[in-house]
Amino acid sequence: MRRSTFVVWPKGEGEEISLEALRAALEEYRERLEKTGEQLDAPYASWAFPYEIEERERHGIRYLYLRGKGVTPQEYTGLLLTAGSADGQNVVQITVVRGATDGDFAKANELARYLARRWKAEIVPFTGKVKRQYTHAKR
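Take the sequence shown: its letters are residues 2 to 140, numbered as in the numbering used here.
Pasting the structure below:
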């Protein structure tokens, strides 16, 4: 199985995605989870989004590192997210880090579904075999 899942826009659609827009989408996602937690009177956001968002750069490539903050290291390790455009097509890549847990793979899929709905894009999951397009989403 591959270590990355992708959120891909149809060619020529949407504004060019930036790391800042991706971070804003993740912050919005976390805020929604916090509101759900308030309604449930529980720390739902920390359960549903068990990561700290850090912006990093390596070899001239900027990316977001979602550092796992589980109770034990076996729960969540981390995810790497990059955003950009290639051949006129916007792409967000979500990569699980070495030593990732099943929880990290599940959260990567969950984030890909959220981002695809938010931006009406397609998902190329870890298997690479299936593409789904979410066009019914509301913003």
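For every residue, glycine included, the Cβ atom is placed at its ideal position computed from N, Cα and C.
Going by beta carbon distance, what residues of the same chain come within less than 6 angstroms of residue i, once the five residues before and after it are set aside?
i, result
"R4", "T96, V97"
"A138", "In this prediction, A138 has a pLDDT of 47, which is less than 50 and means its spatial position is unreliable; nothing more can be read from the coordinates."
Going by other Cβ atoms of all chains shown within 10 Å of its Cβ, with 16 needed for buried, is residue i buried or exposed?
i, result
"A122", "buried"
"V8", "buried"
So, with DSSP's three-state summary, where would you put residue i?
i, result
"A138", "Summary for A138: the model assigns pLDDT 47, below 50, so the residue's position carries little reliability, and this model does not support an answer."
"R63", "strand"
"E17", "coil"
"F7", "strand"
"G100", "coil"
"E76", "coil"
"T37", "helix"
Given a cut-off of 7 angstroms, decide if residue j and residue i are closer than it, judged by their beta-carbon atoms.
i, j, result
"L20", "R63", "yes"
"T102", "T128", "no"
Beta-carbon within less than 7 angstroms of residue i's beta-carbon, same chain only, minus the 5 sequence neighbours each way: which residues are those?
i, result
"Y45", "L34, T37, G38"
Give me the DSSP bridge partner(s) of residue i.
i, result
"Y52", "G69"
Got a sec? Which residues, its chain only, sit under 8 angstroms from residue i by beta carbon, not counting five neighbours each side?
i, result
"F106", "V97, F127"
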